[in-house]
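Take a look at the structure set out below.
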Amino acid sequence: MESKPSSSPPNFIDQQVVPGDVVLDLSTMTNQTIKLGSGLRQDGDAISAIKAGVLRFAKPNKYWVESSQKRYVPCAGDTVLGIVVDSRSDNFLVDIKGPTLAFLPVLAFEGGTRRNIPKFEVGTLLYVRVVKANVGMNPELSCMDASGKAAEFGRLKDGYMFESSTGLSRMLLSSPTCPVLEAFGKNLSFEIAVGLNGRVWVNAESPANLILVANAIMKSESLSAVQQKILVERLLKRVQ
1 MESKPSSSPP NFIDQQVVPG DVVLDLSTMT NQTIKLGSGL RQDGDAISAI KAGVLRFAKP
61 NKYWVESSQK RYVPCAGDTV LGIVVDSRSD NFLVDIKGPT LAFLPVLAFE GGTRRNIPKF
121 EVGTLLYVRV VKANVGMNPE LSCMDASGKA AEFGRLKDGY MFESSTGLSR MLLSSPTCPV
181 LEAFGKNLSF EIAVGLNGRV WVNAESPANL ILVANAIMKS ESLSAVQQKI LVERLLKRVQ
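Taken in order, the sequence shown gives residues 1 to 240; the numbers are from UniProt numbering.
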């Protein structure tokens, strides 16, 4: 959509908003394309909040409402962790913690053809991208990035997946890197995949390290940056 960003961010950025708050007025902004994430909707020139939370802005042009909630509302462009619940001739049905199941076309993979359709058993964990999320319709997923490449998307093998709030997921994906991940990254070798739908997957060389990282992440949501660093330091001493 074409909008007009002002020379300074709106006053609502990083502030609490509630449903009905008009957080952006496109008529007062200069030409630029902006992207609306979850929790926002457009009505003419007014961009309003449709859920309570904190209005966030990420350069160059994305706005969304961040809240700690268990239920996930799909939004095009989101990266999520999905669980395969059924396999059909043309698509896989995937649980992404949304109001309805999402579908992943069998050709939505890099180089996908009818000759190399992937085979996923029920229960397979996937890292996928939401490409369509219209009200009243099942979301559509893809295992490719916007350029058609597999990138990091696909099946997540081994490791451990746990449920979290959407707020924790966004904290883990924030920039700069959140303290708990930064501290572990300097001391341990591990893999992590974070879905905006409140699911986190962790894998490590040893079960002990896997449990260590997963437990610290789950405890970190209610902690300040300083408290996160202290928590990691204490946990690392136990395994050294």
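No residue lacks a Cβ here, since even glycine has one placed at the ideal position from N, Cα and C. Here the structure is a predicted model, which is why all the values come from computation and not from measurement.
Taking Ala216 as reference, the option from Gly195, Leu188, Leu196 with the minimal CA-CA separation is Leu188.
When Glu191, Arg155, Gly98, Leu55 are compared, the shortest CA-CA separation from Cys75 is found for Gly98. Rounded to whole angstroms, Arg115 and Pro105 show a C-alpha spacing of 14 angstroms. For Glu221, there is no enclosing beta strand (DSSP E), since its DSSP letter is neither H nor E.
Distance from Gly20 to Ser48 at the Cβ level is roughly 6 angstroms; contact confirmed, criterion being Cβ atoms closer than 8 angstroms. Contact between Leu156 and Leu125 holds, with the beta-carbon distance rounding to 5 angstroms and staying under 8 angstroms. Contact annotation: Val202 and Leu210 have beta-carbon atoms nearer than 8 angstroms. Proximity to Ile13 across Phe57, Gly53, Asp45 peaks at Phe57, based on C-alpha coordinates. When Gly136, Pro118, Phe162 are compared, the shortest CA-CA separation from Phe109 is found for Pro118. Restricting attention to Ile50, Gln16, Ser164, Ser206, the CA atom closest to the CA of Glu221 is found in Ser164.
Per DSSP, the unbroken alpha helix (DSSP H) holding Glu182 starts and ends at 179-185. Measuring C-alpha to C-alpha distances from Gly136 to each of Tyr127, Leu231, Thr100, Ala146 identifies Thr100 as the nearest.
DSSP places Leu126 inside the beta strand (DSSP E), whose first and last residues are 125-132. DSSP lists Val22, Arg41 as the beta-bridge partner residues of Ser48.
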